[in-house]
Amino acid sequence: MLSSPLFPGGDMEDRSAKYRVFYAQLICAAAKTADPRIEEAFRTVRREPFVGPGPWSIALGGHPYVVTPDDDPAFLYQNTLLALDSARGLNIGMPGAHAYWLSGCAVREGETVIQIGAGSGYYTAILAHLVGPGGRVHAYEIDERLAGLARANLKGIAHADVRDRSGIASDLPKADVIYVCAGAAQPAAEWLDALRPGGRLVFPLAPEGMLGGMLMITRPDDDAVWPAKFLSRAQFIGCAGLQDADAGRRLADAFARGWESVQSLRREGAPDQTCWFAGEGWWLSTAPAPVLTNPTPSHADITQA
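Following full-length UniProt numbering, the numbering of the sequence shown begins with 1 at its first residue and continues without gaps.
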């Protein structure tokens, strides 16, 4: 039997199995989700291939890294950031936050997912587990070294592929979910265009270096008004091509005034008195869209991934 990130095993004993049972329960408790599919995904996918050999640098959001004393896999199965490149601040993100966001966008079996910012592929494997063999995950990673790691780590998962280029492109495949792991000052038009009706875009509206929010936008049949809501606060490494210093300053002011009231994204018409924030050709409104948004409650204390 061959071993893979999704299906560990073979003849060698899986040292981390008992840790993963605890870890999956811990992560679901942190995410305030009772979805058994989320728990199963975090229990099944091993972290060891994605972080490399120990010891490892581990951090809580906003705190300095701490180096583990050895390579005991128990250190990997905590609700913490795991450094991929501590000098650059590149991490495998906080699992409790990701579990919450994945629960919020309700990834279903058989769906097609685009992931922007795959890193070494850990959350790509989680997504692949959630969509199952009947689904598909297309992961984009612009960093050549990380893309190579992700491709090697995911080689045993037939329904996931890694593309070592920008995920801001006009030739994106059609998708049911677009899951972005890099901060942006705006939603890329290419992401919105790639969504199927009913599709969900989840991305950090958070320019580099700024605490923003994880925004979920759902594509309706009518492209003018899209249901939108912030799932939580969030901070990420910036997405190349979607940075804007002026927008970052204005977003900081908008978040300081509150963020829970956002209910829709508008792609047409001039911003009115319901405008929470306006970008070029789009604006977020506190007025509801014609269809209901996902009822997942906002979670203010999840911040960093």
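Using N, Cα and C, we set each Cβ at its ideal position, and we do this for glycine too.
Since the model is a prediction, treat every value here as computed from it, not as a measurement.
Integer-rounded CB distance, given that Ala184 should sit under 8 Å from Arg239:
Checking the displayed sequence, the identity of residue 239 turns out to be Cys instead of Arg. Yes, Cys239 and Ala184 are in contact; Cβ-Cβ is about 4 Å, under 8 Å.
CB Pro53 to CB Pro69, shorter than 8 Å?
no
Spatial neighbours of Phe236 in its chain, beta-carbon cut-off 7 Å, leaving aside the 5 residues before and after
Cys181, Ala182, Gly183, Pro204, Ala206, Ala305
Assuming the contact rule is C-beta atoms closer than 8 Å, Ala175 and Ala194 should be a hit. Round their C-beta distance to whole Å, please.
5 Å
How many angstroms separate the CA atom of Met1 from the CA atom of Val51?
Here the model assigns Met1 a pLDDT of 31, short of 50, so the residue's position is not dependable and the matter cannot be decided.
Selection from Ser86, Ala287, Asp143 that minimises the alpha carbon distance to Pro64:
Ser86
Can you pull the DSSP bridge partners for Ala160?
Val137
Going by beta carbon distance, what residues of the same chain come within less than 7 Å of Ser285, once the five residues before and after it are set aside?
Gln263, Ser264, Arg266, Thr274, Cys275, Trp276
With DSSP as the reference, label Lys18 as helix, strand or coil.
helix
Could you check what DSSP says for Tyr65 in three-state terms: helix, strand or coil?
coil
Just verifying my parser: in three-state terms, what is the DSSP assignment at Ser232?
strand
Through-space distance from Arg88 to Asp164, alpha-carbon basis:
19 Å
Within the continuous alpha helix (DSSP H) that includes Asp246, where are the two ends?
245-256
Ser86, DSSP secondary structure in three states
In the structure shown, the three-state DSSP call for Ser86 is coil.
Member of Ala31, Ala125, Glu141 whose CA lies at the smallest distance from the CA of His98:
Ala31
Going by DSSP, what residue range makes up the alpha helix (DSSP H) through Phe50?
48-51
Among Ala270, Ser103, Val67, whose alpha-carbon lies nearest the alpha-carbon of Ile38?
Ser103
Would you call the stretch 133-141 in contact with the stretch 150-167, where contact means no fewer than 3 C-beta pairs closer than 8 Å?
yes
Cα-Cα, which of Asp222, Leu211, Asp246 is closest to Phe230?
Leu211
By the DSSP assignment, the alpha helix (DSSP H) with Phe42 in it spans what residues?
36-44
I'd like the list of long-range same chain contacts for Ala59, defined as Cβ closer than 8 Å, with 5 residues on each side in sequence excluded.
Here the set comprises Tyr65, Val66, Thr80, Leu81, Ala83, Asn91.
Close-in-space but distant-in-sequence residues of the same chain around Asp71 (CB under 7 Å, 5 per side omitted)
By the criterion of a C-beta distance shorter than 7 Å, Asp71 is surrounded in its chain by Pro53, Gly54, Pro55, once the five residues flanking it on both sides are discounted.
Pair within 8 Å by beta-carbon distance, Phe255 and Gly281
no
Check whether the Cβ atoms of Tyr77 and Gln115 lie closer than 8 Å to each other.
no
Taking Ala245 as the reference, give the member of Ala29, Gly209, Val21 with the closest Cα.
Gly209
Let me confirm a value: Pro49 is counted as buried when at least 16 other C-beta atoms fall within 10 Å, else exposed. Which label applies?
buried
Taking Ser57 as the reference, which of Phe42, Gly93, Ala247 has the closest Cα?
Gly93
Taking just the CA atoms, how far does Leu26 sit from Trp101?
It is roughly 16 Å from the alpha-carbon of Trp101 to the alpha-carbon of Leu26.
Where Ile142 falls: helix, strand or coil (DSSP):
Looking at Ile142 - three-state DSSP - the assignment turns out to be coil, as it is neither helix nor strand.
Can you name the start and end residues of the beta strand (DSSP E) that Ala175 belongs to?
Run containing Ala175: 175-180, per the beta strand (DSSP E) assignment.
Per DSSP, what kind of secondary structure is Gly104 in: helix, strand or coil?
helix
Quick one: grab the DSSP three-state call for Cys28.
helix
Best match in Gly199, Arg233, Tyr23, Pro73 for proximity to Arg220 [C-alpha to C-alpha]:
Before going on, a small fix: residue 220 reads as Pro here, not Arg. Looking at the Cα atoms, Gly199 is the closest of the given residues.
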